[in-house]
Amino acid sequence: MRVVLPLEDSAADLATVGGKGASLARLTRAGLPVPPGFHITTEAYREFVAPFLAELLRTRDAGLFLRHDVPEPIAAEIREAYAELGSDVAVAVRSSATAEDLPDMSFAGQQDTYLNIRGDGLLEAVRRCWASLWNERAVAYREHNGVPHDDVALAVVVQELVDADAAGIMFTANPVTGDRGETVVNASWGLGEAVVGGQVTPDTLTVSGNTVTSVVLGDKSVMTVRTADGTREEPVPADLRARQVLDDAQAVRLARLGERIEHLYGTPMDVEWARSGGEFLIVQARPITRIKRQVEEWNDSLKGDYLWTAGNLGEAIPDVMTPATWSFVRLFIEEAMSATAVPGFDLVGNIGGRFYMNLSVVITIARALGMQSRLGAVEQVFGKLPKDLDVPLLDLSRWEIIKRTLPLAVGIQRRVRANLKGMRPFLATSRRQCEELRATVAATADPAELAALWSREIEPHMVTACRMLEAAGRQGGATLVWTRDKLRKLMGEVDSEAMLTGVNSDGELASLGPILGLTRLAAGEITREEFALGYGHRGPHEFEVSIARPGEDQAWIDAQLAGLRDLRADTAALLAKQAKARDEAWARFAGKYPRKVAKMRARVRRWNAVVRDREDTRSENMRAFWVLRAFVVRAGELTGLGDDAFFLYLDELLSVLRGGAVSSDRIEVRRATHEQYAALPPYPTLIVGHFDPVRWAADPDRRSDIYDARGGGAPVSDTVTGFPGAPGVVEGVARVIASPEEGDRLKPGEILVTTLTNVGWTPMFPRAAAVVTDMGAPLSHASIVARELGIPAVVGTGNATMRLHDGDRIRVDGERGTVELLE
């Protein structure tokens with residue numbers, strides 16, 4: 004048993020000398036100015052308490068300590084260590100618990116400290132420190148924080164008492180604002196106990212860089228001073244009360260010590276200091292608990308009064324994006340959607356970390372070009388707009404709009420024609436290219452070479468993938484809208500939707516890929532590796548590069564396979580049933596319009612081909628995003644950044660790979676920002692004007708359908724209506740699901756109610772009797788997949804998750820787009 008350790012001993016860890024002791028040992032070893040002293044270990048405490056431990060745990064009576072003497076072997080070692088400090092030297096005797104001064108909680112003040120102790124009084128002070136582990140305050144605090152009583156032990160730190168003329172506390176980050184660029188120093192006269200104990204209002208100095216930026220004088224009415232047999236509080240002399248304790252140069256010098264301590268620990272610190280003979284000494288340091296973390300503002304809604312939508316692509320990108328992901332999404336938009344841009348205005352925005360599209364740009368272009376009649380196509384893609392919504396337009400004349408967009412439009416038409424010629428070869432080779440790129444990334448051992456690989460191969464492939472998606476999407480936009488509208492007029496909602504299905508029959512529809520692949524895996528038709536390579540790039544978080552792909556996550560695959568056992572009907576049966584409904588609808592069409600069958604079948608085949616091309620190229624974009632994830636992961640490995648790499652923008656990450664540096668503070672701020680936004684509920688589908696996500700989330704009357712900074716607007720509807728996503732009428736129990744990770748809550752035959760769906764939700768569709776979403780449109784994921792599987796769906800309701808609750812019994816009418824709450 005080791006009773007005593009030197010203050011700087013490398014064995015002085017948390018378990019042996021407690022939090023305070025371990026911190027002082029670390030500071031001393033680092034060469035920081037710490038008063039000399041020694042530790043009395045937790046082993047000594049346990050040896051002392053062993054004879055009465057059972058009684059102590061039962062009674063929690065601190066008085067037991069005072070009724071037992073310190074065993075002589077322990078007492079002798081303590082006396083010997085004390086003698087090495089000097090003859091009858093005054094010391095501070097401080098408790099140091101094993102559950103103390105931790106980053107996530109602070110036990111400071113729960114145990115006792117004794118100052119100006121000498122000679123024979125040392126053993127008594129040690130025994131009283133041990134007893135303080137069981138005072139009412141310490142016991143209650145442990146119980147509140149869930150720390151078991153039998154898990155803690157107490158060490159004691161004995162240090163030479165600093166004969167301080169001034170003392171106080173220093174915070175190496177502003178504890179109020181969280182600003183990591185500011186050090187806040189509290190200072191008062193005498194020993195530090197009056198400041199720590201809150202008996203005095205000290206001076207407060209704020210230091211930024213090498214400058215004192217703020218001084219607030221405290222009244223400093225009392226101070227702690229030494230006496231012959233201890234300490235006492237006495238009034239501060241009148242001439243000192245109004246005098247600044249530290250001058251600016253001293254405050255800056257002390258802040259530099261704080262920087263060294265923060266660098267040593269890697270986190271903002273709460274430091275107790277003392278000044279004696281003009282020199283500063285550190286008597287304690289612990290991480291600051293519950294500091295307000297500094298954050299950035301990610302909010303493009305502040306750029307102007309625009310209408311933003313999370314529809315369509317926002318459904319595909321449902322997560323709060325890391326900076327790396329936002330860089331890649333911006334590249335994706337620039338290459339895949341530049342046709343709807345107006346130079347000088349942002350087509351997309353990052354609002355509280357979430358993806359939004361600027362509909363003011365799209366609608367301004369349509370009106371300037373006299374295409375108001377085609378705005379219905381916008382709703383089929385992005386969802387419905389409130390009838391009375393006054394859409395803010397760009398502050399540009401019609402002529403200026405034409406002048407800015409016409410050259411862009413001409414160039415894009417040429418690019419689309421050229422890219423369509425290369426689309427089939429691209430789709431045929433993309434999977435192999437992506438697998439080779441991921442293998443090359445994994446094999447790259449030099450950071451600079453990884454940066455070169457980005458420029459040479461990864462970025463060009465990503466740009467190509469995006470341009471193929473643009474070409475596929477623009478080849479038949481009018482076909483998609485016109486064909487659906489024409490069929491509905493001729494045959495009504497049910498038959499028209501049935502006739503438009505079968506996208507999957509001429510080749511696998513990419514959105515159905517995950518569920519079809521899982522079905523084949525469950526049947527033993529493919530291996531896990533084949534599933535991972537073929538479908539593992541698709542998932543609910545496929546744009547967010549910080550999240551593992553399903554192909555990397557065996558647990559995800561296991562969970563989805565388990566879900567297949569609970570299907571209401573297997574996927575093949577659903578597709579067969581829908582094929583029968585499709586054939587019957589075409590027969591009725593032929594009976595009514597025999598001369599139009601051939602032409603309409605050609606149009607529907609064109610519809611199916613366009614949908615499939617869009618889905619295929621989109622799928623290959625997501626395969627490219629798997630390459631982007633592999634690139635960032637490898638960059639983190641080669642640079643030592645690890646997961647911090649996700650919190651750098653692409654240009655910053657490339658700079659680090661090429662030998663540049665990045666501030667750890669910047670990464671910490673980005674992490675804090677991401678965590679703040681990710682903790683908020685999903686924002687409204689539509690946002691008009693300036694939007695504050697944090698303030699909105701705190702509003703008990705917040706709406707998830709629309710936020711209009713101009714005020715007014717229609718109240719939330721009591722009825723739930725939306726687009727007819729897929730026809731059919733179903734009654735059943737509503738299951739409100741917030742994320743696909745909660746998918747196991749959806750039981751066979753229940754109705755899935757959620758904010759949005761994307762391809763990652765597909766595996767649970769066959770389990771659902773119907774699907775209802777807040778977001779969505781006829782050409783969104785939920786509609787396409789539900790239509791193919793013959794599952795009734797109502798999408799884009801705006802208010803389903805506000806009006807429907809878990810367990811409600813509801814009727815879903817996918818033909819009329821209504822959801823009715825049943826008694």
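Residue 131 in our numbering is what sits at position 128 of the sequence shown, and the numbering runs on without skipping anything. The beta carbon of each residue, even a glycine, is placed where N, CA and C say it ideally should be. Bear in mind the structure is a predicted one, so any value in this text is a computation, not a measurement.
Using three-state DSSP, classify residue i as helix, strand or coil.
i    : result
I336 : helix
T800 : coil
S109 : Reliability of the predicted coordinates at S109 is poor, the pLDDT of 42 falling under 50, and the value obtained from them is presented with this limitation in mind. In this structure, S109 counts as coil in the three-state DSSP scheme.
Q247 : coil
F41  : strand
V6   : coil
D222 : coil
D809 : coil
P517 : helix
A590 : helix
A18  : helix
T214 : strand
E823 : strand
R706 : coil
Q383 : helix
D104 : Residue placement at D104 is flagged as unreliable, the pLDDT there being 42, under the threshold of 50; a coordinate-derived value is accordingly withheld.
G817 : coil
G554 : helix
S98  : strand
G746 : helix
T722 : coil
G233 : strand
M324 : coil
E282 : strand
G495 : helix
Residue i: which of the options sits nearest, CA to CA?
i    : options                : result
L335 : P450, P463, E282       : Before going further, note that residue 335 is Phe rather than Leu in the sequence given. Minimum Cα distance to F335 is reached at P463.
Y359 : V691, V723, V7, N624   : V691
K387 : L310, L249, A605, T522 : L310
I285 : V723, L653, E265, V365 : E265
A344 : D619, Q287, K406       : K406
K602 : R626, T486, V73, A584  : T486
I709 : V697, Y686, G728, F68  : Y686
A565 : M767, G281, E196       : M767
G810 : E818, L755, G820       : L755
R289 : A701, S26, D747, E745  : S26
Need the endpoints of the alpha helix (DSSP H) that residue i sits in, please.
i    : result
V637 : Per the sequence shown, the amino acid found at residue 637 is Arg instead of Val. First-last of the alpha helix (DSSP H) with R637: 600 to 642.
V733 : Counting along the chain, V733 falls outside any alpha helix (DSSP H), though it belongs to the beta strand (DSSP E) covering 732 to 739.
W764 : It is not in any alpha helix (DSSP H) - W764 carries neither H nor E in the DSSP assignment.
F726 : Premise fails: F726 lies in the beta strand (DSSP E), 726 to 729, not in any alpha helix (DSSP H).
V419 : 401 to 446
Q3   : Missing from the structure shown is residue 3; the chain here goes from 4 to 826 and no further.
A319 : 316 to 319
P76  : 75 to 86
F534 : 531 to 538
R278 : Run containing R278: none in the alpha helix (DSSP H); it sits in the beta strand (DSSP E), 272 to 279.
G476 : 462 to 477
Q679 : 667 to 681
F68  : 66 to 69
I368 : 362 to 371
A57  : 56 to 62
L396 : Careful: L396 lies outside any alpha helix (DSSP H) and carries neither H nor E.
Report the CB separation of residue i from residue j in whole angstroms; it is logged as a contact under 8 Å.
i    : j    : result
F650 : V635 : F650 to V635, Cβ: 10 Å. No contact.
D153 : L60  : 6 Å
D206 : G221 : 5 Å
T574 : P769 : 5 Å
T620 : L472 : 4 Å
T44  : V73  : That belief does not hold up - the Cβ atoms of T44 and V73 are roughly 14 Å apart, past 8 Å.
P821 : V739 : In the sequence on display, residue 821 carries Thr and not Pro. Not quite, the Cβ-Cβ distance comes to about 18 Å (not below 8 Å), so this is no contact.
R121 : A93  : 6 Å
Starting from residue i, trace the beta strand (DSSP E) in both directions and tell me its first and last residue.
i    : result
W311 : 310 to 312
E452 : Taken as a continuous stretch (DSSP letters only), E452 belongs to no beta strand (DSSP E), being part of the alpha helix (DSSP H) at 450 to 456.
| query | Whole beta strand (DSSP E) runs in the region 119 to 193 with 3 or more residues, listed along the chain? | reply | 157 to 163, 169 to 174, 186 to 192
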